[in-house]
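Residues 72 to 127 in this note's numbering are what the sequence shown lists, from first letter to last.
Just so it is clear, CB atoms sit at the ideal spot from N, CA and C, and this is done for glycine as well.
These numbers were taken from a predicted model, which means no experiment stands behind them.
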Amino acid sequence: MPTVLQVGPYSFIFFSSDRGEPAHIHVKRDRQLVKFWLSPVWPLSSFRPRGRSIDI
């Protein structure tokens with residue numbers, strides 16, 4: 072999957088062949104991956120960040 076944006080340790084990944092699913096983006100850090108639906112923005116699956124939260 073190609074990285075479309077790199078912000079610090081986070082890679083924002085888009086894969087155009089995810090057919091049959093609503094528009095979404097993957098966010099990766101190290102070996103952890105979360106998938107966000109784009110409309111509305113909502114995490115489909117997530118990891119548990121150590122001592123931190125994800126604000127949407």
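{"Item": "Mind checking which residues open and close the beta strand (DSSP E) that includes arginine 100?", "Value": "95-100"}
{"Item": "Less than 6 angstroms between C-beta atoms, sequence neighbours within five positions excluded: which residues of the same chain meet that for proline 93?", "Value": "Trp108"}
{"Item": "Can you check which of these residues, Phe86, Asp101, Ile96, is closest to proline 80 by C-alpha distance?", "Value": "Asp101"}
{"Item": "Identify whether phenylalanine 85 lies in helix, strand or coil by the three-state DSSP scheme.", "Value": "coil"}
{"Item": "Whole-angstrom Cβ separation of valine 105 and phenylalanine 83, contact assumed at under 8 angstroms?", "Value": "Not a contact, Cβ separation roughly 11 angstroms."}
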